[in-house]
Structures are given as C-alpha cells and as structure tokens.
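In the numbering used here, the protein residues as written are 497 to 1174. Glycine residues also receive a C-beta, built at the ideal position from the N, C-alpha and C atoms. Being a predicted model, the structure only gives us computed values, none of them experimental. Reviewing the structure listed below.
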Ligand code: ZN
C-alpha cells in the first residue's frame, strides 16, 4: 500500500496532538488524511483515512485508522439531510477493508472539508472561548475573518455539511470554532493542519488571558485539614460512597487530591460552576453532565458520611428524572446507566471518580481535570456556560456514543471488585492474586516480603495496567500494619469485597521439642493474624453494605491430626473454627466466610523452601527430594496439588457462583480420607 508512509505520518501527527491533553482529551478528537491508494483489484483510488471510533489520538497506530472510498462519501454532499443510522450504514459500506475499525462519528466533516489533511480537536482554550458569555465577540476580535464560528449542533451529517459550507470558497478562513465543542483545522500538508491547531490554541489562550481578570472560582474558602486528618476522613467516607455506587454493579473509586482539584474545590463559586454542565460533549458518557458536590462543613467524619449518603441519593433521584424526562424515540432503546455520580467533589478533601474498572475511573478523572481547566479559563473572562440538559442528554444517550461503549472489552466476572490477598508474594497467595486479577478484580498484594509483593504487582501491571495491583508491606502479626494495609486499599479503590488470607508458616517438631516460642509464632500468624485481617475486612465491608467474601486458606491438618506438627495443626484448627464463628456473625450482612483446605502444595511455597521440607522428609524417613512424590502417592486421586489448583477453589468461593455458601470447607488435597469434612 503506497499510502503507508503517509498513514504513518498521520498516526504520528495524531500522537503529537494527543500528547497534550489540553488539546485533545482522552479518546476525543479525530484526524484524517486523503490519500491515493491501490485497492485489492489493483485500481488506484482516493481514500479518506480517518481515526477509528473508540481509539485515542495519543496512542493510535496506523491500524487504528479506517479507510473509506472518498468518492462514495462525497456523493452525500448533494443531500439536504441524512439520519444517523443511514450515515453509519453508508460509512460502513464505503470502507476499504472489511476488518477495519468503525470510522469516527465525525467522519463526514473530514470528507467534506476540501483539504488533504483535517484535524478536529477539543482544546480547553477553544472550548472556554466558545462557552464563555461574550466569547464570540472575543473570538471575532482575536481571529477576525480567519475563523468561522458555528453555533452548537450535535455532530453528524448536518454539522459536517455546515462546516464544509463555511470553509469552501473562503480562502481567508483558516479555523472553524464549534460552540461549546472544539476546533477544526486543515492544510495541504499534515504539518500545516497541525500547526494551525497549535496556532488557534495559542491565540485563544492569549485572548482569554487578555480579558481574564476575574478570580475564576471566586474567593478561596479553603479549609485547613492536615494530610492525616484528610486521610482518616477519606478512609471512613470512601467505602460508604463505593457501597452506594455499587448497588447494581460493582464500581471502584479513584481519589484525586491534586492541588488543581483542591484549588477548584476551595472556590466560593465552584459549587455553582460545577453544576452548570459538562465542559465538552465528548466527556458526557464518562463524566455525566454534572458531578455530585458534597455539602459539609469540613470537620466531623460522621457529618461527611451523612452528607455523602444524602448527596448520593439525591443525585440518583435527579439522574433518574433527567433520564426519564428526556427519553425519546431515538434514546428509548438504551437502558439507564447506573444512576450514581461518576465524579464526586468533596471540598477540602478531593475528587473521587468511579467506574466499573480502574481504567474507566481514571479516564473520568482525566476528563474532569479538563473540565476544571475549561471552567477556570471561561470563568476568568466572564462565566461558564454549557449545553442545556436536553442537549447533554441527546449526546449522552446518542446511539453513536453508545456504540463506543460496546467497544470496551467484554465484562469479566469480578469487574469492579477489590480483593486483598495476604501472603501474596509467592505460592498459593500469588496464584490467588493472579486468578482474581484474571477474573477482573483489583488486587492488593500484602506480604511481609515487600520486595516479592512488588515483583508480583509489577508482573500483573505489565499485562493488566498499573491500577490493577497494589503491593503492600504487611506482617499479619502487626496489628497497625494490617490496619494501614486496609486503609491503603480503601484509598486506592474505595473499599474491599474479597479478602484471601493466605499468609502462612509451618513448623514440625515432636511435642517435647515444640518450644513455647514456636507455639506462639504459629498462633500469632494463623490465629491472631487471621483474626486481625478478618476484623479489618469486616469493618470496611459493613460500611460498604454490599456483602463480601472472606476466604481462609486452611490446611488438611486443620481436620486431620498432624503427627509431629502439633503447634501448626492446632493453629490451623483454630483458624478454621475462627472462619465459622465469623461466618455466623456477619452472614446477616451478606458477608461470607469460607475455608479452602489444601495439602502439600510444595511448588512455589515459601514454607516448603524452609526447614519444613527437611523436617517433614525426616519425619517420613525419606530424602527431601522425594517429598512431592510421597505426598502425591498418599492422595486418593493420586495427584500433586499446585498453587493454581488452590487458587481456583478460592476464586469460586470469592465469586458469586457460590453466593449461597458460607461456613464451608472445600478441600483441595487430592483426597485425604482423614481430612474429609464431617
Ligand atoms: Zn468533536
């Protein structure tokens, strides 16, 4: 394909635009080039290469662009109107490659603008200029007849035609400004188009700066909360909000306490400004038109929790009403999104965004940063205005925007869930963490071996993204460390749904040789440690009010008497009974507590790399290297148990598939008759 190097140039130009989020927000904007290409029959043709729907300019590669036969698009210019569905159908039929991504919903503007290269972006400064009252006058002053102004029209056929009409035959026009939306530039070369975007952004900034003498957010009424005070309040409040947002589907939260956010939250006018509406139509499916602003005086934790609950409920009522009020024939096929806020603003504390996974919560956070910037720029000049609620709804539930949502990866069983796994650096704990992540969960990896936990987290991040795993240095016998680890987990994702207690140790000695210290150590880790972890988990799960699942990794020895390992076996029995006691106590809150009893999981085990292997082998009168085979032979099924086998049982108990099981014992030991539960 001759067009390839030009296509590379298009991808490169797009990446440059996307690298500056002040110009092209996440997933927003689109770029194109009109190229001469050869089709599969060898005929030469003009092809419009345009960004595919659901891609991001910052990272798009040549394969992210769709190719469309330009002639087949240009015949549409003769029409007066075209329904969205017909337009989409026409675009699909004009595609050059059946496997290519669906072209951007703004494709026709790229086809109709009579230039080889076209860029459409949503720069903060241009949106601010086009949504500030009096902004049009400023734009006219700053750009004269170089820019054309187009009043708000929802993207689609009509807007594409309108833009092209304003450009054609008017050589003085170099930019099109779309009210409350963005910018269109073009050029004979990709570089010319790119430079025009930068120029328009710079000149818009200059115009705003010249007239932007007002304090954008009003006087600052910042509250003096120190970092520790803020942290404590957030640890109390976040699970409450997460629980409220997760009633229908689990969501994770992302906390943002950046200076930019706190400065906005401190402004006297910010509450009003935050409720005006979205700063860009492109944000709507992620941020919704309004954030939740939490009214509280900034002192008491209980007051904050109460205000959050009330605010969230009110928000849901408002959103349901907004949905029902604006529903029409076009939007009726789309069910209402979960009605809670995606952006929650808490003066003095920070911003919390939510999503069914950490990536979505992060995108929403990034987009709201853009919103704050647009509001700041516009309000400094005069004020900030936005689309009407009806206009916002028509974009939020626009079938073409809804289509973008279907491009996300298919849902996984534990999407939106948060898990904390102890002993996660190796062996069973690590396998459990990996299995939970593979099922969609976000996992805090707690281990005494901080380095090992970091390593596991890095391995997970490499294929699942940074925000899916969190390494925590934690010794289960250190009560303060356990509390801290749960607080960190709450601050990372808003709460916890699944706790897997897998931290372990083992000792083998005859009863006379078992020292009190060895006895205490076993009970410290397997008794007290499991108790502390479960207690902290229950506190958070109850605050969330959406149930939860706690899984203890027990041992065959909890049921079958372990000869020569009295301390370990007795501690494991205590652990097992602890699980049943807690199960009985928390069941009414939908929290389940179950135990998985493995046996002889040698591979990857921290325990078996220690003296335990030597001691056990000596106990059986065999060489340490024969231990695996010895264990395999004594099982009913004649199998060796791997960490992954245990992880599958843990996953089952953690998931909703065993939603009606609690106080259970599930063996993963290959069958040891003496340890069959009875
Ligand atoms: Zn746009």
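Measuring CA to CA, which of the options is closest to residue i?
i	options	result
residue 652	923, 577, 823	577
residue 878	558, 629, 566	629
residue 948	964, 968, 1127	968
residue 1060	815, 1008, 930, 860	1008
residue 875	853, 1136, 713, 636	713
residue 1056	1027, 1068, 729, 1045	1068
residue 559	548, 749, 569	548
residue 524	793, 777, 637, 903	777
residue 694	880, 915, 886, 520	520
residue 826	555, 1011, 896	896
DSSP three-state call for residue i: helix, strand or coil?
i	result
residue 1090	strand
residue 763	strand
residue 644	strand
residue 562	strand
residue 591	strand
residue 771	coil
residue 623	helix
residue 1171	helix
residue 671	strand
residue 1144	helix
residue 789	strand
residue 842	strand
residue 994	strand
residue 681	strand
residue 1130	coil
residue 516	coil
Distance check for residue j and residue i, CA to CA, integer angstroms please.
i	j	result
residue 564	residue 542	8 angstroms
residue 975	residue 1032	10 angstroms
residue 498	residue 592	For residue 498, the predicted structure reports a pLDDT of 47, less than 50, and the residue's modelled location is therefore unreliable. A value from the coordinates is still provided. C-alpha separation (whole angstroms): 14 angstroms.
residue 1174	residue 1168	13 angstroms
residue 939	residue 920	10 angstroms
residue 910	residue 832	22 angstroms
residue 584	residue 970	54 angstroms
residue 823	residue 907	26 angstroms
residue 709	residue 864	23 angstroms
residue 569	residue 586	8 angstroms
residue 522	residue 784	15 angstroms
residue 834	residue 1135	46 angstroms
residue 673	residue 645	5 angstroms
residue 1099	residue 1137	8 angstroms
residue 1045	residue 718	40 angstroms
residue 744	residue 941	27 angstroms
residue 769	residue 986	29 angstroms
residue 998	residue 1151	17 angstroms
residue 1172	residue 1158	17 angstroms
residue 571	residue 589	13 angstroms
residue 765	residue 870	15 angstroms
For the beta strand (DSSP E) that residue i lies in, which residues bound it at each end?
i	result
residue 542	540-547
residue 847	846-851
residue 526	526-534
residue 830	Note, residue 830: premise wrong, no beta strand (DSSP E); not H, not E.
residue 859	Premise fails: residue 859 lies in the alpha helix (DSSP H), 854-877, not in any beta strand (DSSP E).
residue 1046	1044-1049
residue 617	613-617
residue 941	938-943
Which same chain residues end up closer than 7 angstroms to residue i when comparing Cβ atoms and leaving out the 5 residues on each side of it in sequence?
i	result
residue 804	733, 736, 737, 790
residue 509	527, 686, 690
residue 1116	1126
residue 780	774, 888, 891, 892
residue 1175	Lying before the first or after the last residue shown, residue 1175 is absent from the chain, which here runs from 497 to 1174.
residue 857	748, 749, 750, 849, 850, 851
residue 1015	1063
residue 1071	1022, 1023, 1026, 1048, 1050, 1054
To which residues of the same chain is residue i closer than 6 angstroms at the C-beta, ignoring the five residues directly before and after it?
i	result
residue 811	788, 837
residue 1085	1038
residue 966	940, 988
Here's a check: name, in chain order, each residue in its chain whose Cβ is nearer than 8 angstroms to the Cβ of residue i, leaving out the five neighbours to either side.
i	result
residue 1142	924, 927, 928, 1049, 1092, 1094, 1097, 1164
residue 1147	928, 931, 932, 935
residue 726	753, 844, 845, 846
residue 961	854, 855
residue 662	644, 646, 669, 672
Taking 7 angstroms as the threshold (beta carbon to beta carbon), is residue i in contact with chain D?
i	result
residue 669	Of the protein chains in the structure, only one exists, and it is not chain D.
So the alpha helix (DSSP H) residue i belongs to, where does it begin and stop?
i	result
residue 1161	Per DSSP, residue 1161 belongs to no alpha helix (DSSP H); it is in the beta strand (DSSP E), 1161-1164.
residue 1016	1012-1018
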